[in-house]
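Enquirer: Let me begin by handing over the structure; questions about it come next.
Protein chains: 2
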Amino acid sequence: MSLQISERGRQMPASPIRKLAPLADAAKKRGVRVLHLNIGQPDLETPAPMRRRLATAPSVLAYTPSGGTAECVASLQQYYRGHGLSLEANEIIVTTGGSEALLFALTACAGPGDEALVVEPFYTNYMAFATMAGVRLVPLRARAEDGFHLPPIEEWTRALTPRTRLVLLCNPNNPTGTVYRRDEVEAVAAFCRANGLFLVADEVYRELAYDGAKATSALDVEGAEELVVVTDSLSKRYSACGIRLGCLATRNRQVWDASLRMAQGRLSPPGLAQLVALGTSELGPDYEQELVKEYQRRRDVLYEGLSRLPGVFLLKPEGAFYFIARFPIGDSEDFASWLLSDFSHEGATVMVAPAPGFYATPGLGRDEVRIAYVLNEEDLEASVRVLAHALPAYRRARGLGAIEPARAAAEAR
Amino acid sequence: MSLQISERGRQMPASPIRKLAPLADAAKKRGVRVLHLNIGQPDLETPAPMRRRLATAPSVLAYTPSGGTAECVASLQQYYRGHGLSLEANEIIVTTGGSEALLFALTACAGPGDEALVVEPFYTNYMAFATMAGVRLVPLRARAEDGFHLPPIEEWTRALTPRTRLVLLCNPNNPTGTVYRRDEVEAVAAFCRANGLFLVADEVYRELAYDGAKATSALDVEGAEELVVVTDSLSKRYSACGIRLGCLATRNRQVWDASLRMAQGRLSPPGLAQLVALGTSELGPDYEQELVKEYQRRRDVLYEGLSRLPGVFLLKPEGAFYFIARFPIGDSEDFASWLLSDFSHEGATVMVAPAPGFYATPGLGRDEVRIAYVLNEEDLEASVRVLAHALPAYRRARGLGAIEPARAAAEAR
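These protein sequences, in sequence, are chains A and B. Using the working numbering, read the first sequence as starting at 449 and increasing by one per residue. Using the working numbering, read the second sequence as starting at 449 and increasing by one per residue.
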């Protein structure tokens with residue numbers, strides 16, 4: 449007999465960034481500075497009060513309770529209260545990053561062969577968790593022209609099958625930067641309630657809404673208590689991606705209980721990370737405001753810079769620290785490789801994430817890239833200069849001709 | 449429509465210890481000292497050179513590479529070399545504890561509905577990972593009279609079906625404390641090779657073999673390179689259960705690659721834990737020897753104490769820090785509850801894990817308990833005194849009558 453790995457093992461998607469990494473390494477070896485617009489790893493320091501907690505580590509680094517220490521759960525309750533969300537301790541489970549919360553939520557709410565509706569483009573790793581859980585992601589298309597806001601409810605209804613079990617919604621959205629309006633979130637919740645679906649809401653970027661807007665948590669939708677499962681993470685809001693700490697929050701007893709049993713299986717979430725999390729209680733009330741201001745400034749730099757470039761199209765991003773931009777290129781995979789292998793300006797180039805990796809539907813996103821703005825303003829300005837020169841150079845290199853001014857003007861609005 | 453969680457969500461097993469926890473808490477509230485023989489959380493300090501690494505934490509606690517930092521992978525290679533096992537960097541993936549390594553291994557090697565052969569009694573959380581992965585565990589019974597060594601190969605062959613994909617072997621064994629002989633490990637590997645099965649070997653207790661014995665790693669079996677997937681953890685050998693760091697080690701390219709893609713989905717293993725792991729390189733060559741000596745002393749205290757008690761049966765445990773003992777009780781679940789709720793001696797009682805939670809076959813293990821010896825010698829001696837009084841008292845309380853001296857003598861060997 450031959451030794452074969454499992455079908456799902458074969459189907460596990462590779463990171464769409466992965467194949468670009470060797471090209472980035474090669475560019476760096478050639479002495480080219482690579483400006484990373486491709487990843488959501490903020491350059492900001494993890495707040496010192498959080499890091500200081502490491503000095504309180506005990507001499508036996510022991511298992512913690514499977515659902516998290518009482519202190520860590522309490523600190524999360526305090527955080528949610530600050531956002532007007534009241535959660536009991538037994539409505540929260542501390543997880544190893546938002547990633548594990550997503551895996552628990554999908555596994556608890558759907559079985560092998562079941563379907564989850566998700567708006568595309570979507571966070572590329574949803575596909576990995578869905579493959580592990582054996583759940584099929586059914587995409588509903590959002591469009592750049594609508595600022596990637598939700599498609600009309602009729603489209604959701606058309607996508608329903610007897611296997612549909614849940615809607616997976618990321619708000620504020622990675623990769624589009626869209627912040628769904630309250631009426632959109634309520635409409636999705638009503639759709640879920642009407643059709644017996646769970647609403648799994650990934651709210652990792654909760655506070656990152658700009659221009660005075662505020663993201664609506666699915667936990668804040670009246671009448672949706674039974675169906676909402678929020679997955680959350682400390683990674684982005686505290687620039688602490690590497691500690692791997694997040695949580696699952698739900699008022700649905702069955703989902704909470706099944707998730708706790710999964711949590712017991714893997715014994716406990718990381719203990720040191722839970723210590724670090726306790727430091728969040730020392731952060732002043734202005735911490736989040738300053739964070740939002742910082743990212744809003746960065747968004748402004750990139751949005752204003754890029755939207756001036758001929759042939760580039762994007763509406764003003766509303767939240768998170770990503771957006772999807774349409775570039776005057778035929779093939780974003782080729783463009784991203786070319787940037788790393790064949791181009792530099794002022795000794796620098798940029799690394800972007802080709803958008804096809806964020807779509808489930810083959811062929812979509814070929815003229816789009818995802819941009820993350822987690823660099824400082826100076827580097828973002830340098831990135832705009834690089835792209836301003838790169839776009840026409842790429843079109844020349846690939847024989848695409850000049851960008852028509854009329855089309856450029858129309859697209860740039 | 450009604451909102452139902454998934455079938456596997458319902459089937460996720462609860463921790464068999466969980467229902468005893470409130471009873472232990474109540475006993476403590478009554479002022480009774482509870483000696484925990486029920487959990488594998490060592491009381492030893494995490495080595496200081498490891499904890500000191502926390503002072504080197506960077507100011508941005510960033511994602512690490514999905515398969516672990518180069519330094520962390522190198523420290524694991526160094527550890528394996530110390531055990532005569534040569535592994536390349538691209539044969540290791542750093543995971544969030546041994547738990548995640550097990551989930552990756554099961555998911556990569558088997559699909560929903562596929563079967564894994566496992567010797568029972570087995571580590572109870574295997575059931576949780578199997579349920580998450582949709583894999584059915586098919587138990588082969590090991591017996592106390594054989595010191596829980598492996599059943600003959602004919603029984604393995606009889607258990608084969610067209611859905612069998614792998615053997616899951618824990619060596620040294622939790623919960624039985626058995627260390628399989630080299631010929632046993634080689635026979636299982638040959639069985640796997642002959643039948644196109646993976647051999648997933650959980651070797652978390654690798655160094656904990658007593659009386660001069662040495663556990664045989666599946667990585668050290670010639671000709672089995674393609675089929676062996678080792679899951680490992682720093683938890684037990686460095687008394688660092690709470691950091692959640694382990695690894696998957698395999699020379700099978702497909703399994704490694706699928707596991708790395710799963711690792712990419714969840715972004716990275718805990719960064720602080722990887723820092724802590726680097727401190728293992730500072731531990732002297734005698735660290736492991738001292739560790740083995742310490743646990744061997746503890747085993748001796750418990751084994752000598754318990755095997756003298758009338759009606760108690762166990763062969764001398766060979767490794768790890770657990771064993772399964774047969775007690776003269778009708779129902780170990782009831783006995784474990786009774787110890788916490790209705791008994792104390794010298795102001796103390798013991799908490800044990802009823803063995804049925806470690807069997808997949810209903811009805812097995814009812815007169816057995818799993819004992820962990822992770823307490824200091826004084827506490828272990830106190831535990832023996834408690835049990836010496838508890839066993840006859842329990843029999844009286846349940847009307848089981850006195851233990852027949854003949855049976856007792858025969859069983860105690």
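No residue lacks a Cβ here, since even glycine has one placed at the ideal position from N, Cα and C.
Using a C-beta to C-beta distance shorter than 8 Å, which residues of chain A count as neighbours of B:P718?
Expert: Result: T544, G690, I691, R692, P718, L720, A721.
Enquirer: For B:A576 and B:M460, which I take to be in contact (beta-carbon distance under 8 Å), what is that distance rounded to the nearest angstrom?
Expert: At roughly 6 Å, the Cβ-Cβ gap stays under 8 Å, so B:A576 and B:M460 are in contact.
Enquirer: In chain order, what residues of the same chain have a beta carbon less than 6 Å from the beta carbon of B:E674, not counting five sequence neighbours either side?
Expert: Within the same chain, B:E674 has close Cβ partners N700.
Enquirer: Starting from B:Y743, trace the alpha helix (DSSP H) in both directions and tell me its first and last residue.
Expert: Taken as a continuous stretch (DSSP letters only), the alpha helix (DSSP H) holding B:Y743 covers 735-755.
Enquirer: What residues in the region 699-714 of chain A have a beta carbon less than 7 Å from any beta carbon of chain B?
Expert: From the region 699-714 of chain A, only Q702, V703, A706, R709, M710, Q712, G713, R714 have a Cβ closer than 7 Å to chain B.
Enquirer: Taking the C-alpha atoms as reference points, what is the distance between B:A854 and B:L835?
Expert: Unreliable positioning characterises B:A854 in this predicted model, as indicated by a pLDDT of 48, which lies under 50. The coordinate reading is nonetheless provided below. The straight-line gap from Cα to Cα measures roughly 20 Å.
Enquirer: Between the Cα of B:P717 and those of B:A510, B:A697, B:V586, B:V669, spot the shortest distance and give me the residue it belongs to.
Expert: The candidate whose alpha carbon is nearest that of B:P717 is B:A510.
Enquirer: Would DSSP call A:A860 helix, strand or coil?
Expert: Model confidence at A:A860 stands at a pLDDT of 47, short of 50, so the residue's coordinates are unreliable; what they give is reported in the following sentence. A:A860 falls in the helix class under three-state DSSP.
Enquirer: Got a sec? Which residues, its chain only, sit under 8 Å from A:E829 by beta carbon, not counting five neighbours each side?
Expert: Around A:E829: V749, G753.
Enquirer: If we ignore side chains and look at the alpha-carbon of each, how far apart do B:L726 and B:S687 end up?
Expert: B:L726 and B:S687: Cα-Cα distance of roughly 15 Å.
Enquirer: From the DSSP output, in three-state form, read off A:D680 for me.
Expert: In the structure shown, A:D680 sits in a strand (DSSP, three-state: E or B).
Enquirer: Provide the residue(s) that pair with A:A725 in DSSP beta bridges, ordered along the chain.
Expert: DSSP lists no partner for A:A725.
Enquirer: Identify whether B:D650 lies in helix, strand or coil by the three-state DSSP scheme.
Expert: In this structure, B:D650 counts as strand in the three-state DSSP scheme.
Enquirer: Of the residues A:A841, A:V627, A:V648, which one's Cα is nearest the Cα of A:A590?
Expert: If we check each option's Cα against that of A:A590, A:V627 comes out closest.
Enquirer: Three-state secondary structure (DSSP) at A:K714?
Expert: Residue identity differs from the one stated: residue 714 of chain A is Arg in this sequence, not Lys. Coil, per DSSP.
Enquirer: Within 9 Å (strictly less), CB to CB, does B:L645 reach chain A?
Expert: Yes - at least one Cβ of chain A is within 9 Å of the one on B:L645.
Enquirer: How big is the Cα-Cα spacing for A:V832 and A:S454?
Expert: Cα-Cα distance, rounded: 44 Å.
Enquirer: Are the C-beta of A:T624 and some C-beta of chain B separated by less than 9 Å?
Expert: Answer no: the Cβ-Cβ gap between A:T624 and chain B never drops below 9 Å.
Enquirer: Check the C-beta distance from A:E655 over to A:V740 and give it rounded, since I have them as a contact under 8 Å.
Expert: Correct: roughly 6 Å between the Cβ atoms.
Enquirer: Quick check on A:L598 - is its C-beta less than 9 Å from some C-beta in chain B?
Expert: By this cut-off, A:L598 is not an interface position.
Enquirer: I need the straight-line Cα distance from B:Y807 to B:I819, nearest angstrom please.
Expert: Distance between the alpha carbons of B:Y807 and B:I819: 15 Å.
Enquirer: What runs of the beta strand (DSSP E), each 3 residues or longer, lie entirely inside the region 587-636 of chain A?
Expert: Whole beta strand (DSSP E) segments, 3+ residues: 612-618.
Enquirer: Flag A:G457 as yes if its beta-carbon sits less than 9 Å from any beta-carbon of chain B, otherwise no.
Expert: It does; some Cβ of chain B falls within 9 Å.
Enquirer: Please say whether B:P569 and B:L731 have beta carbons closer to each other than 9 Å?
Expert: Contact: no.
Enquirer: Please find out if some non-hydrogen atom of the ligand FMN comes closer than 8 Å to the beta-carbon of A:T626.
Expert: Absence of the ligand FMN from the depicted structure is noted, as is the absence of any ligand whatsoever, leaving it without description.
Enquirer: Using a Cβ-Cβ distance cut-off of 9 Å, determine whether B:V636 contacts chain A.
Expert: Not an interface residue.
Enquirer: With H, G and I counted as helix, E and B as strand and the rest as coil, what does DSSP make of B:H837?
Expert: Helix, per DSSP.
Enquirer: Just tell me which of A:R814, A:V480, A:P776 has its CA closest to the CA of A:L848.
Expert: It is A:P776 whose Cα lies nearest to the Cα of A:L848.
Enquirer: Does the distance from the CB of B:T679 to the CB of B:A581 come in under 9 Å?
Expert: No, the Cβ-Cβ distance between B:T679 and B:A581 is not below 9 Å.
Enquirer: Any C-beta of chain C within less than 7 Å: which residues of the region 496-525 of chain A qualify?
Expert: Protein chains A and B are contained in the structure displayed, whereas chain C is not.
Enquirer: Ends of the beta strand (DSSP E) at A:I770?
Expert: Contrary to the premise, residue 770 of chain A reads as Tyr rather than Ile in this sequence. Run containing A:Y770: 770-774, per the beta strand (DSSP E) assignment.
Enquirer: Taking the continuous beta strand (DSSP E) assigned at A:R818, which residues delimit it?
Expert: Unbroken beta strand (DSSP E) run through A:R818: 816-820.
Enquirer: For B:G805, which three-state DSSP category applies?
Expert: Three-state DSSP puts B:G805 in a helix.
Enquirer: If the criterion is Cβ atoms closer than 9 Å, does the pair B:P587 and B:Y770 meet it?
Expert: Their beta carbons are not under 9 Å apart, which means B:P587 does not touch B:Y770 by this criterion.
Enquirer: Quick one: which chain B residues come within Cβ less than 7 Å of A:D650?
Expert: Residues of chain B passing the Cβ test: none, with the nearest at roughly 14 Å.
Enquirer: For B:R861, which residues in the same chain have their Cβ closer than 6 Å to its Cβ, ignoring the five residues on either side in sequence?
Expert: With a pLDDT of 44 at B:R861, under the threshold of 50, the predicted position of this residue should be treated as unreliable, and no value is reported.
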